[in-house]
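Colleague: Residues 1 to 205 (full-length UniProt numbering) are what the sequence shown spells out, left to right.
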Amino acid sequence: MKIIAVGMNYRLHCEELHAGEPVPEDPVIFMKPDSAILKDGKPFFIPDFCGQVDYETELVVRISRLGKNISERFARRYYDAVTVGIDFTARDLQRKFRAEGKPWELCKGFDNSAAIGEWIPVERLADIQNIRFRLDIDGKTVQQGNTCDMIFNVDRIIAYVSQFCTLKIGDLLYTGTPVGVGPVQIGNHLEGYLEDEKVLDFNIR
């Protein structure tokens with residue numbers, strides 16, 4: 001199982017963290033190892049190697065069929081469920097690596113950096129490209145978005161990624177975060193919602 005993630009997929013988020021850079025012409029892809037998964041409501045422990053860990057709330061798609069070189073018009077056949085996930089980012093390390101022109105996988109792919117919620121079958125959703133999602137911390141909404149605002153929609157991302165690597169059953173696709181990312185602190189209680197249904201609930205330790 002692999003975790004495929006998309007960066008810079010919402011215009012306002014691009015302005016938030018990458019002001020002055022052009023909007024990407026193709027999906028910006030990076031990977032996380034399977035050891036990054038954090039599930040079943042287990043707590044997230046802030047690692048010792050960084051000074052700032054940011055939440056990035058995202059719609060996550062579960063791949064349900066083996067596929068390579070998938071046509072965008074058939075991509076819908078290759079996923080069966082969605083949820084809310086958090087792409088945790090060691091932000092201070094990311095800034096350092098980017099400034100030095102070095103790869104920054106370590107600030108994205110560390111252990112437990114991919115929190116994942118409970119799955120909702122796509123059949124329950126009228127349109128995957130018109131889904132509201134949000135993150136509450138300690139009962140207050142800190143980030144919210146709608147998949148209609150994506151620069152690259154889910155089917156386009158799947159078609160693009162499958163040119164380079166075979167998608168396998170159980171692979172996860174983190175589709176990018178909207179504007180509003182920020183740091184977490186020890187003691188925070190995080191709750192993620194898909195529409196008005198809570199699918200993610202865990203604590204920061």
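All C-beta atoms in this analysis are idealised placements derived from N, C-alpha and C, irrespective of residue type, glycine included.
Which parts of the stretch 141–191 are runs of the beta strand (DSSP E), unbroken and 3 residues or longer, counting only runs that do not cross its ends?
Modeller: With a minimum length of 3 residues, the continuous beta strand (DSSP E) runs that stay inside the stretch 141–191 are 172–174.
Colleague: For Phe74, count neighbouring Cβ atoms within 10 angstroms of its own Cβ and tell me buried if that reaches 16, exposed if not.
Modeller: Exposed: under 16 other Cβ atoms inside 10 Å.
Colleague: DSSP on Arg98, reduced to helix/strand/coil?
Modeller: In this structure, Arg98 counts as helix in the three-state DSSP scheme.
Colleague: Who are Ala115's beta bridge partners in DSSP?
Modeller: According to DSSP, Ala115 bridges with Leu38 and Ile86.
Colleague: By the three-class DSSP mapping on this structure, what secondary structure does Leu66 have?
Modeller: Here Leu66 sits in coil by DSSP.
Colleague: Compare the C-alpha of Phe112 against each of Ile128, Phe202, Arg11 and Glu15 and name the closest.
Modeller: Correcting the residue type first, residue 112 is Asn in the shown sequence and not Phe. If we check each option's Cα against that of Asn112, Phe202 comes out closest.
Colleague: Apart from the five residues on each side of it in sequence, which residues of its chain come closer than 6 Å, Cβ to Cβ, to Gly109?
Modeller: Excluding sequence neighbours, Gly109 sits near Lys32, Pro33 and Ala36.
Colleague: Alpha carbons only, please: which of Gly170, Phe45 and Tyr193 is nearest the one belonging to Gly67?
Modeller: Comparing Cα-Cα distances from Gly67 to each of Gly170, Phe45 and Tyr193, the minimum goes to Gly170.
Colleague: Ignore the nearest five residues each way along the sequence and tell me which others in Arg134's own chain have a CB closer than 6 Å to its CB.
Modeller: Closer than 6 Å at the Cβ level, and outside the excluded window around Arg134, lie Thr141, Gln144 and Tyr193.
Colleague: For Leu12, count the other beta carbons within 10 Å of its own beta carbon; 16 or more makes it buried, fewer makes it exposed. Which is it?
Modeller: It is exposed - the Cβ of Leu12 has fewer than 16 other Cβ atoms within 10 Å.
Colleague: Thinking just about the alpha-carbon of each residue, which of Leu106, Phe88, Gly176 and Ile70 is nearest to the one in Pro24?
Modeller: For Pro24, the nearest C-alpha among the options comes from Gly176.
Colleague: Tell me the DSSP secondary structure of Leu125 in three-state form.
Modeller: In the structure shown, Leu125 sits in coil (DSSP, three-state: anything other than H, G, I, E or B).
Colleague: Give a yes or no on whether the C-beta atoms belonging to Phe152 and Pro27 are separated by under 8 Å.
Modeller: Yes, the pair counts as a contact, with Cβ atoms nearer than the cut-off.
Colleague: With DSSP as the reference, label Arg205 as helix, strand or coil.
Modeller: Coil.
Colleague: Decide if Gly101 is buried, meaning its Cβ has at least 16 other Cβ atoms within 10 Å, or exposed.
Modeller: Under this definition Gly101 is an exposed residue.
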